[in-house]
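Asks: Dropping the structure in here first, questions after.
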Amino acid sequence: MSGAPGPHAHEHAHEHVHGAEAAHAHVHEHVHSPEALHAEPSAHAPLEPEIAAHWIDLEHVHFAYPDGFEALRGVSLCLARGEKVALVGPNGAGKSTLMLTLNGIHLPSHGTVRIGGSPVDRRTVKRIRAEVGLVFQDPDDQLFSPTVFEDVAFGPLHMGVPEAEIHDRVERALAAVGMAGFERRLPHRMSLGQRKRVALATVLSMDPSILVFDEPSAGLDPRGRRELISLLGRLPQTLFVSTHDMRLVAEVFPRVVVMDDGLVVRDGRTTEVLADVPFLESHGLEAP
Ligand SMILES: Nc1ncnc2c1ncn2[C@@H]1O[C@H](COP(=O)(O)OP(=O)(O)OP(=O)(O)O)[C@@H](O)[C@H]1O
Ligand SMILES: [Mg+2]
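Per the working numbering, the sequence shown starts with residue 8, numbered consecutively.
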């Protein structure tokens, strides 16, 4: 781990989400590592059309946790650039595990994850992390600074964004998640919903080309949820969002991927998938 995270970052670490200590090391490396954020910013560079068609590309991805449990058992999935896709499935389906393969926190035991055409491996992981903004299911895995301002400023600061622009970036990111004016507050003293929002802001402030949010609406109050729905609808980036909130899926995402037991069991138009009630029920889901 480069740089020591604040003590609270580990105090609240939930082993069940990412398991191994190594995952937490990567979590902090992700935000702490200046090289990671400086690395060639190919995110906004023009792409070959065939690569653009597979902006996120998973091919037969398997992943096993250190205890041997295979949480991903051959996942294949493509997202086009700018596409908004929801990921649903019952508890333990492998949604969070899948998301953690998208920026190399988990490297597949078999199969390949490609981002913008580049395979995610030890060599490319730093560059990939500058392109893929991942918001963890548990905000305590994301927030480690003494103040909200420092947490939200961390990414852009280490990407080399000029000081003068930092305040503007932080202000905009906090406003986008309904947390304007919270700059001086202590993240680890705030409510769960507030921490969830600030965790989103730490990634929005970096303006990555791909946004991966793991259950962003969990713990939000109705107004916060409405604001999130409107924010997700407005974001121009490629968006891949896991959720148990089927109304959120119906409102924001034209396409939905359903996982169960480490596999993709359905991938299609949201209107069609959500209309298939027997299918939803057979995977522990319900229609909105
Ligand atoms: N560190 C770990 N070690 C061993 N098994 C793990 C670890 N983390 C997760 N798992 C297992 O991997 C499977 C997939 O877990 P994952 O967290 O990806 O599910 P999920 O779809 O995100 O569930 P939820 O809806 O509860 O967030 C589960 O069976 C879980 O018990
Ligand atoms: Mg999860």
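Glycine is no exception: its CB is placed at the ideal position from the N, C-alpha and C atoms. These numbers were taken from a predicted model, which means no experiment stands behind them.
Just grab the DSSP bridge partners of residue 249 for me.
Replies: One-based indexing of the sequence shown puts residue 249 at position 242. BP columns for residue 249 point to 94, 221.
Asks: Answer with yes or no whether the minimum CB distance from residue 269 to chain B is below 9 Å.
Replies: In the structure shown, chain B cannot be found, because there is only a single protein chain.
Asks: Using DSSP with H/G/I as helix, E/B as strand and the rest coil, what is residue 286?
Replies: Position 279 of the sequence shown holds residue 286. Residue 286 falls in the helix class under three-state DSSP.
Asks: In the DSSP assignment, find the alpha helix (DSSP H) that holds residue 161 and state where it starts and stops.
Replies: Along the sequence shown, one-based indexing puts residue 161 at 154. Element bounds for residue 161: 155–165.
Asks: Within 10 angstroms of the Cβ of residue 269, are there 16 or more other Cβ atoms? Answer buried if so, exposed if not.
Replies: Looking up residue 269 in the sequence shown gives position 262. Classification for residue 269: buried.
Asks: So, do the stretch 89–99 and the stretch 119–138 have three or more beta carbon pairs nearer to each other than 8 Å?
Replies: No: the two stretches stay apart, fewer than three of their Cβ pairs being nearer than 8 Å.
Asks: Quick check: residue 62 and residue 89, are their CB atoms within less than 9 Å of each other?
Replies: Mapped onto the sequence shown, residue 62 falls at position 55. Mapped onto the sequence shown, residue 89 falls at position 82. It is a contact, given that the beta carbons lie within the stated cut-off.
Asks: Which residue or residues does DSSP assign as beta-bridge partners of residue 275?
Replies: Within the sequence shown, the letter at position 268 stands for residue 275. 263, per the DSSP bridge assignment.
Asks: Taking only the alpha-carbon atoms, compute the straight-line gap between residue 163 and residue 65 and give it to the nearest angstrom.
Replies: Start at 1 with the first residue of the sequence shown, and residue 163 comes out as number 156. Start at 1 with the first residue of the sequence shown, and residue 65 comes out as number 58. Using only the alpha carbons, I get a separation of about 28 Å.
Asks: Let me make sure I understand the geometry here. Which of 293, 205, 218 has the alpha-carbon closest to that of residue 151?
Replies: By one-based count along the sequence shown, residue 151 stands at place 144. Nearest of 293, 205, 218 to residue 151, Cα basis: 205.
Asks: May I ask you to verify whether the stretch 178–186 touches the stretch 203–223, counting CB pairs closer than 8 Å and requiring at least 3?
Replies: The stretch 178–186 vs the stretch 203–223: in contact.
Asks: Hey, is residue 102 close to ligand 1, as in C-beta under 8 Å from one of its heavy atoms?
Replies: Working through the sequence shown from its first residue, we reach residue 102 at position 95. Yes, Cβ of residue 102 sits closer than 8 Å to a heavy atom of ligand 1.
Asks: What does a CB cutoff of less than 7 Å around residue 86 pick up in its chain, not counting 5 residues either side in sequence?
Replies: Walking along the sequence shown from the start, residue 86 turns up at place 79. So the qualifying residues of the chain are 62, 63, 92, 245, 247.
Asks: Could you give the first and the last residue of the continuous alpha helix (DSSP H) run that contains residue 182?
Replies: To locate residue 182, count along the sequence shown from 1; it is residue 175. That run of the alpha helix (DSSP H) goes 170–183.
Asks: Using the three-state DSSP reduction, which class does residue 52 fall into: helix, strand or coil?
Replies: By 1-based counting over the sequence shown, the position of residue 52 is 45. Note that residue 52 has pLDDT 47, beneath the 50 cutoff, so the model's placement of it is unreliable and no number is given.
Asks: I need the straight-line Cα distance from residue 256 to residue 243, nearest angstrom please.
Replies: Numbered from its first residue, the sequence shown carries residue 256 at position 249. Numbered from its first residue, the sequence shown carries residue 243 at position 236. The alpha-carbon atoms of residue 256 and residue 243 are separated by roughly 17 Å.
Asks: Give the DSSP-derived three-state secondary structure of residue 79 in the structure shown.
Replies: Locating residue 79 in the sequence shown gives position 72, counting from the first residue. In this structure, residue 79 counts as strand in the three-state DSSP scheme.
Asks: What distance in whole Å lies between the Cβ atoms of residue 223 and residue 6, which are believed to be in contact at a cut-off of 8 Å?
Replies: Any property of residue 6 remains undetermined from this structure, which presents the chain solely from 8 to 295.
Asks: State the Cα-Cα distance for the pair residue 117 and residue 199, rounded to the nearest angstrom.
Replies: As a position in the sequence shown, residue 117 is number 110, starting the count at 1. As a position in the sequence shown, residue 199 is number 192, starting the count at 1. Near 36 Å, if we compare the C-alpha coordinates of residue 199 and residue 117.
Asks: Mind checking whether residue 141 and residue 265 have CB atoms under 9 Å apart?
Replies: For the purposes of this step, residue 141 is taken as residue 134 along the sequence shown, with counting starting at 1. For the purposes of this step, residue 265 is taken as residue 258 along the sequence shown, with counting starting at 1. Cβ distance not < 9 Å, so residue 141 and residue 265 don't count as in contact.
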